[in-house]
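Below is one structure, written out as structure tokens, with a few remarks after it.
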Amino acid sequence: MVESAAKRAIRLLDLVPYLTTHQGVTVQEVAKEFAISEADVIRDLDLISMCGLPGYTPLELIELSHEDGVITVRDPQNLNSPRRFNEEEVLILQIALAALEDALPQDRRGSVSALRSKLRSIFRSQIPEAALVYEGDKYAVYLRIIEKAILQNLKVRIRYLNKAKGETTDRYITPLKVLAETKRTLIDAWCDTARARRTFNLAQIQEISITKEPGVSILSDDDPEFHVAVVSSPPDTTFVRENLDQLLKLSDNTFSIKVFQEEWLRRSVLASGGEVKVVEPAELKMSISQTAKDALANYA
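Below is the structure:
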């Protein structure tokens, strides 16, 4: 397995202070301590010898040797002295540690969290701790809010971008469930604005906040709010790729799909440029056909 640059960089940050406090340690001992091969130790030492203080001439580089397998650091370039951080550096370090903590599995965050606490205790900043927030994935935050709303049956307020209409609206919705598809994540919810059940693409939610207002009681999937449509489309169209998890294949080029609003299907078919056609229901098929004819008439 090829080692990532990030993983090696983290090891080097541990390796340099280890070497300065273990003068005369052998390559074999370092390999055992860091659970790497002796060849990896030699490569790390060669890289460290090219690092140092700004200027990066031979006078500023870390000077070390590993003759006969014994490692000696002759000029650690201040690495053997306590580091004095200014306020800006500590704040940057706090944010970087928060980013690292966010990226680690839950069971490995303890040591990073402890280091952040230690920094807070020995360095007093004018900036309140609550202001130091890092969130690597805003959609992960959105999902946590949505999951909380589902569990507690509460409404959420969202600012939603409707790409088809090119407009952004504020809505109050009652989330029902999260539909994790291959290429997108949808939120099945009751929308107060539409006064109907709708699906919202998580990637198009720009803002979200939970309210204390109880959610709306929703009818089951068997309610007439849902419609089943049959469409004809080649399997390689954008429509099929984007809705693959919701489509039920009836034949090579025919699919059924459950829709919450016919207007969404109408826009999707018209946007396909003739690649996608509605087979059923007949009323929707005729309506789309008439809309296309009216649009063409405007170009005459």
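The numbering used here puts the first residue of the sequence shown at 20, with every later residue one more than the last. Yeah, the Cβ is synthetic: ideal placement off N, Cα and C, and Gly gets one too.
Please say whether T230 and R176 have beta carbons closer to each other than 8 Å? It is a contact, given that the beta carbons lie within the stated cut-off.
Using the DSSP secondary-structure output, state which residues sit across from D207 in a beta bridge. K196, T218
Could you tell me if K174 is buried or exposed, where buried requires 16 or more neighbouring beta carbons within 10 angstroms of its beta carbon? By the 10 Å Cβ count, K174 comes out buried.
Beta carbon of Y179 nearer than 8 Å to that of Q113: no
Closer than 6 Å by C-beta to D65: which residues in its own chain qualify, once you throw out the five before and the five after it? Chain order, please. none
According to the neighbour-count rule (16 or more other Cβ atoms, all chains shown, within 10 Å of its Cβ), is N105 buried or exposed? exposed
With 8 Å as the threshold, decide whether the Cβ of R176 is near any Cβ in chain C. Any reference to chain C falls outside this structure, which holds one protein chain only.
Would you kindly report the start and end of the unbroken beta strand (DSSP E) that includes Y179? 173-181
Is it buried or exposed, A208, if we count other Cβ atoms within 10 angstroms and call 16 or more buried? The residue in question, A208, is buried, as its Cβ has 16 or more Cβ neighbours within 10 Å.
Would you mind sorting R181 into buried or exposed? The rule is 16 or more other CB atoms within 10 Å of its CB. The amino acid occupying residue 181 in the given sequence is Asn; Arg does not appear at that position. Exposed: under 16 other Cβ atoms inside 10 Å.
N-terminal and C-terminal residue of the beta strand (DSSP E) that K231 is part of: 224-233
Using three-state DSSP, classify L134 as helix, strand or coil. helix
Where does P254 land, buried or exposed, given buried means 16+ other C-beta within 10 angstroms? exposed
I227 and I164 - do their beta-carbons sit closer together than 8 Å? Contact flag set, yes.
Just checking my contact of L284 with A311 at CB under 8 Å: how many whole Å lie between their CB atoms? That pair is no contact at about 14 Å.
Do the CB positions of L205 and T218 come within less than 8 Å of each other? yes
Minimum C-alpha distance to T256 - residue among T273, V295, V247, Q265: V295
Reduced DSSP secondary structure (H/G/I, E/B, other) of K202: coil
State the Cα-Cα distance for the pair N262 and H246, rounded to the nearest angstrom. 16 Å
Reduced DSSP secondary structure (H/G/I, E/B, other) of E299: strand
Looking at C-beta atoms only, is the number of pairs between the segment 156-170 and the segment 193-205 that lie closer than 8 Å three or more? yes
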